[in-house]
Amino acid sequence: MKQALILVFWLLSNVLLAQDKLEYGNPISEIKLNNLDLVSLDTRDQIFVSNATGDVYLFNKSGKQLNLFSPTRQARIHQLEASWTVNIFTFSADLQEYRIMDRFLNPIAENSLLLNTITLPKAATLGNNNIIWIWDESDLSLKSLDYLRKIIIQSQPLNLILNSVDLKVTEIREFKNRLFMNVPTTGIFIFDNQGNFIQKADLQFDQRMCFYNEHLFWVDGENLKMYSISTKVVTDLGPTPVKGTESVQIGREIITFVVKNGINVYALPDGLKRLN
């Protein structure tokens with residue numbers, strides 16, 4: 365009975381949110397960057413951006429560039445994460461290496477992911493307690509690496525557990541002690557913080573995952589979509605304020621819409637602030 369009441373509450377909340385039509389107002393800023401690739405926001409609403417050659421830029425929400433990190437070895441970054449309290453994490457599948465930086469883009473740790481038990485890392489993400497989660501395509505396994513001791517803590521073969529013939533993983537992300545794995549042709553698989561499979565979300569999109577509170581967001585055509593992780597309800601939030609939006613990222617007080625070679629920054633609409 366309690367679960368039914370919670371579901372009804374969330375359904376009503378989502379209906380009201382959809383009826384309200386999100387009000388975005390005027391953009392705070394528009395950031396232009398050639399060969400723009402990945403975007404991630406930190407807990408202070410600073411905007412980190414990578415380009416196609418692996419440079420990482422830091423902007424404030426007003427669009428002012430604050431810093432730039434250009435690695436010695438140039439290659440595309442396949443994962444850029446700034447949502448951790450202290451560190452910035454990057455991973456390049458082409459170089460098969462990771463890098464951890466501070467908030468000023470100073471490297472703290474960087475190393476190859478090619479160990480005796482890792483052959484073909486295709487996706488990686490930073491976890492709690494000095495852990496890096498790795499998707500190793502060579503044996504279709506999810507592995508956790510203690511990057512300080514450089515040892516594999518566990519390895520979980522997923523081809524049998526997930527019962528899927530297509531495991532082309534594009535991204536993995538840890539969020540609130542759960543691990544999310546995006547397989548665009550199949551859905552999003554959710555694991556606990558020990559790598560145990562919990563459930564699958566039947567969502568299919570090929571863009572960076574965006575989390576805000578207990579929700580997952582993505583852009584479908586010209587519309588912003590929202591998935592409640594707790595109730596599994598999908599809500600259409602209507603059109604984004606920017607034509608040609610390719611993806612979205614949400615911070616504490618801002619929402620960014622990514623277009624080709626540009627980022628449009630808006631204040632977070634009141635309708636999203638009300639989400640729990």
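Reading the sequence shown from the start, the letters are residues 365 to 640 in my numbering.
In this text, a Cβ means the ideal position worked out from N, Cα and C, and glycines have one as well.
Predicted model, so just to flag it, every value in this text is computed and none were measured.
* In DSSP terms, what Tyr421 is bridged to -> Locating residue 421 in the sequence shown gives position 57, where the first residue counts as 1. Per DSSP, Val413, Leu432.
* Between the C-alpha atoms of Glu474 and Tyr511, what's the straight-line distance to the nearest angstrom? -> Here the question's residue 474 lines up with position 110 in the sequence shown. Here the question's residue 511 lines up with position 147 in the sequence shown. So the alpha carbons of these two residues sit roughly 9 Å apart.
* Residues sharing a beta bridge with His442, DSSP -> Within the sequence shown, residue 442 is the residue found at index 78, counting from 1. None; His442 has no bridge partner.
* To do: Report the partner residues of Thr604 according to the DSSP bridge assignment.
  => Along the sequence shown, read from residue 1 onward, the residue named residue 604 stands at position 240. Beta-bridge pairing links Thr604 to no other residue.
* Asked: To the nearest angstrom, how far is it from the Cα of Arg537 to the Cα of Leu639?
  -> As a first step, residue 537 must be located in the sequence shown, where it is residue number 173. As a first step, residue 639 must be located in the sequence shown, where it is residue number 275. When rounded, the distance between both Cα atoms is 21 Å.
* **Through-space distance from Asn494 to Thr454, alpha-carbon basis** => Residue 454 sits at position 90 when you count from the first residue of the sequence shown. Residue 494 sits at position 130 when you count from the first residue of the sequence shown. Going by the C-alpha atoms only, they are around 15 Å apart.
* Asked: Going by C-alpha distance, which of Ile516, Ile618, Asp406, Phe561 is nearest Val629?
  -> The residue given as residue 629 occupies position 265 in the sequence shown. For Val629, the nearest C-alpha among the options comes from Ile618.
* Can you name the start and end residues of the beta strand (DSSP E) that Asp634 belongs to? -> Counted from its first residue, the sequence shown places residue 634 at position 270. Counting along the chain, Asp634 falls outside any beta strand (DSSP E), though it belongs to the alpha helix (DSSP H) covering 634-637.
* To do: Could you tell me if Glu387 is buried or exposed, where buried requires 16 or more neighbouring beta carbons within 10 angstroms of its beta carbon?
  => Counted from its first residue, the sequence shown places residue 387 at position 23. Glu387 comes out exposed.
* **Whole-angstrom distance between Pro471 and Leu422, CA atom to CA atom** => In the sequence shown, counting from the first residue as 1, residue 422 sits at position 58. In the sequence shown, counting from the first residue as 1, residue 471 sits at position 107. Going by the C-alpha atoms only, they are around 14 Å apart.
* Report back the beta-carbon spacing between Lys624 and Gly608 to the nearest angstrom; my notes put them in contact at under 8 Å. => Here residue 624 refers to the residue found at position 260 when the sequence shown is read from its first residue. Here residue 608 refers to the residue found at position 244 when the sequence shown is read from its first residue. About 7 Å; that satisfies the 8 Å criterion.
* Asked: Taking Cβ to Cβ, would you say Pro485 is nearer than 8 Å to Ile464?
  -> Against the sequence shown, residue 485 aligns to sequence position 121. Against the sequence shown, residue 464 aligns to sequence position 100. No, the Cβ-Cβ distance between Pro485 and Ile464 is not below 8 Å.
* To do: Please name the residue in Thr595, Lys428, Lys396, Asn424 whose C-alpha comes closest to that of Asn415.
  => Translated into the one-based positions of the sequence shown, residue 415 becomes position 51. The shortest Cα separation from Asn415 among Thr595, Lys428, Lys396, Asn424 belongs to Lys396.
* Within its chain, find whatever has a CB closer than 8 Å to the CB of Asp566; leave out the 5 residues flanking it on each side and keep chain order. => Counting from 1 along the sequence shown, the entry for residue 566 is found at position 202. Result list for Asp566: Gly551, in chain order.
* In whole angstroms, what is the alpha-carbon distance linking Ser611 and Val583? -> Numbered from 1 along the sequence shown, position 247 holds the residue referred to as residue 611. Numbered from 1 along the sequence shown, position 219 holds the residue referred to as residue 583. About 6 Å.
* **Val583 - containing beta strand (DSSP E), residue span** => Position 219 of the sequence shown, counted from the start, is the residue given in the question as residue 583. 579-584 is the span of the beta strand (DSSP E), which, as asked, contains Val583.
* To do: Go ahead and pull the three-state DSSP assignment for Asp401.
  => Here the question's residue 401 lines up with position 37 in the sequence shown. Residue state, collapsed to three classes: strand.
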